[in-house]
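Asker: The sequence shown: position 10 = 10 (full-length UniProt numbering), numbered continuously.
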Amino acid sequence: LQRCGKSCRLRWINYLRPDLKRGNFSLQEESLIIELHRTLGN
């Protein structure tokens, strides 16, 4: 399977990157998101 450079980069960024956390948000992460949304908005 041949991939162009853009496709490889996007695949790395969105799927293969080892430091990318998958799964649900923890309670701490969720409260941080809510607090930042309250402070900064969308």
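Each residue gets a CB set at the ideal place from its N, CA and C atoms; glycine is no exception.
Note that the structure is a prediction, hence the values are computed from the model and not measured.
State the Cα-Cα distance for the pair residue 43 and Ile13, rounded to the nearest angstrom.
Answerer: Outside the modelled stretch of the chain, which goes from 1 to 42, sits residue 43, for which no answer is possible.
Asker: Note down the Cα distance separating Lys21 from Gly41, rounded to an integer number of angstroms.
Answerer: Computed Cα separation, rounded: 24 angstroms.
Asker: Alpha carbon to alpha carbon, what distance is there between Leu32 and Thr39?
Answerer: C-alpha separation (whole angstroms): 10 angstroms.
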